[in-house]
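Asker:
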Amino acid sequence: MMPDSNCGLTSPRQQDTILHMSEPSRTVPALADVTTMLLDMDGTLLDLRFDNHFWVDHLPKRFHHIHGGDEQEVMRHVEQTLMAAEGSMAWYCVDHWADHFEVDIMSLKDEVKHLVRYRDGSLEFLRRLQSITGLHTVIVTDAHPKVLDMKHDITGLLDLVDAVVCSHDFGVPKRDPVFWQQLAGHINFKPETTVMIDDSHHVLDTARNFGIGFPLIVSKPDSGRDREPHPDFVPVNNLDELL
Numbered sequence: 004m005m006p007d008s009n010c011g012l013t014s015p016r017q018q019d020t021i022l023h024m025s026e027p028s029r030t031v032p033a034l035a036d037v038t039t040m041l042l043d044m045d046g047t048l049l050d051l052r053f054d055n056h057f058w059v060d061h062l063p064k065r066f067h068h069i070h071g072g073d074e075q076e077v078m079r080h081v082e083q084t085l086m087a088a089e090g091s092m093a094w095y096c097v098d099h100w101a102d103h104f105e106v107d108i109m110s111l112k113d114e115v116k117h118l119v120r121y122r123d124g125s126l127e128f129l130r131r132l133q134s135i136t137g138l139h140t141v142i143v144t145d146a147h148p149k150v151l152d153m154k155h156d157i158t159g160l161l162d163l164v165d166a167v168v169c170s171h172d173f174g175v176p177k178r179d180p181v182f183w184q185q186l187a188g189h190i191n192f193k194p195e196t197t198v199m200i201d202d203s204h205h206v207l208d209t210a211r212n213f214g215i216g217f218p219l220i221v222s223k224p225d226s227g228r229d230r231e232p233h234p235d236f237v238p239v240n241n242l243d244e245l246l
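Sequential numbering from 4 applies to the sequence shown in this note's numbering.
#1: Provide the residue span of the beta strand (DSSP E) that contains His139, from first to last.
#2: Please report the Cβ distance between Arg211 and Pro218, rounded to the nearest whole angstrom; I am assuming they are in contact, meaning their Cβ atoms lie under 8 Å.
#3: Rounded to whole angstroms, what's the CA-CA distance from Phe192 to His155? Just pull it up for me.
#4: Can you grab the Cα-Cα spacing for the pair Gln75 / Ile69, in whole Å?
#5: Starting from Pro218 and walking both ways along the beta strand (DSSP E), at which residues does that stretch end?
#6: Ordered along the chain, which non-local residues of its own chain (more than five positions away) have a Cβ less than 6 Å from that of Gly124?
#7: Kindly confirm or deny that the stretch 50 to 57 and the stretch 84 to 97 touch, where touching means at least three C-beta pairs closer than 8 Å.
#8: Which word fits Pro234, buried or exposed, when buried means at least 16 other C-beta atoms lie within 10 angstroms of its C-beta?
#9: In this structure, what does DSSP give as the bridge partners for Pro238?
#10: Pull up the distance between the alpha-carbon of Val97 and that of Leu151, whole angstroms please.
#11: Locate the beta strand (DSSP E) running through Leu129, then write down its first and last residues.
#12: Determine the closest residue to Thr196 out of Gly214, Gln185 and Leu62, with distance taken between C-alpha atoms.
#13: DSSP three-state label for Leu62, please.
#14: Quick one: give me the first and last residue of the alpha helix (DSSP H) that Ile157 is part of.
#15: Buried or exposed for Ser110, going by 16 or more other Cβ atoms inside 10 Å?
#16: Give me the Cα-Cα distance between Leu48 and His80, rounded to the nearest whole angstrom.
#17: Taking DSSP as the reference, what is the three-state secondary structure of Ala87?
#18: Let's see if you can read the secondary structure: which residues bound the alpha helix (DSSP H) around Thr209?
#19: By alpha-carbon positions, which one of His189, Asp145, Gln133 and Asp179 ends up nearest to Asp162?
#20: Just tell me which of Val164, Asp165, Val198 and Ser203 has its CA closest to the CA of Asp179.
#21: In angstroms with no decimal places, state the Cα-to-Cα distance between Asp225 and Leu34.
#22: Confirm, please, whether the CB-CB distance from Ala146 to Asp45 is below 7 Å.
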């Protein structure tokens, strides 16, 4: 559960090898054939361990500490309340949950900020992408702007990409087709030569329906949890494997 969200590289135009992936039978193009790289943040570039720990463990415990009540009932209440909003903009809005639970969500997040870190290979991946002429890298995230700022302060993430687009600016989450219509009006990209990497199959379904040529799913977004591979998308774990 998660509300919210180039060294040693040869010339990109010399990299003509296509990396063939396992079933489903899709291919990831050579970087020379990619014009835009759309990258999710939480669970793709950054370890989802922070977000899962916060919403599943830390928030319920701190809510109980602040407001009291039966601990098990409090845990169920927080979980059920969050899941009822899954997929909506409210689910990703820290201001909404601060008002609803009557706690300072950002202060509570700060208590476990030591868990904010890059996924294995992500930092190397971003640094190497910076050296590729003509490749546009964009973070597309459902994370609230306050969370985005906090994670950038810790990781310097936004300095490694060309742009960032937050779904809160559009008022619809990434899984909504309207988001992609808004995105197309906001940044210039060719869907058929665009790679989209995300840990959510809901988002990738919508992206593929929009025409994104190469949707890839992260196989282990949370370093502390395994999950079954999704049959509809090419899996990738460490992003630097794509290079």
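All residues carry an ideal CB built from backbone N, CA and C; glycine is no exception.
Answerer: In brief:
#1: Bounds of the beta strand (DSSP E) holding His139 are His139 to Thr144.
#2: 5 Å
#3: 24 Å
#4: Each residue's alpha carbon lies about 15 Å from the other.
#5: Phe217 to Val221
#6: Asn241, Leu242 and Asp243
#7: no
#8: exposed
#9: Ile220
#10: Taking the straight line from one Cα to the other gives about 11 Å.
#11: Not the beta strand (DSSP E): Leu129 falls in the alpha helix (DSSP H), residues Ser125 to Leu132.
#12: Gly214
#13: helix
#14: Pro148 to Thr158
#15: exposed
#16: 31 Å
#17: helix
#18: His204 to Phe213
#19: Gln133
#20: Ser203
#21: Each residue's CA atom was taken as its position, placing Asp225 and Leu34 some 26 Å apart.
#22: yes
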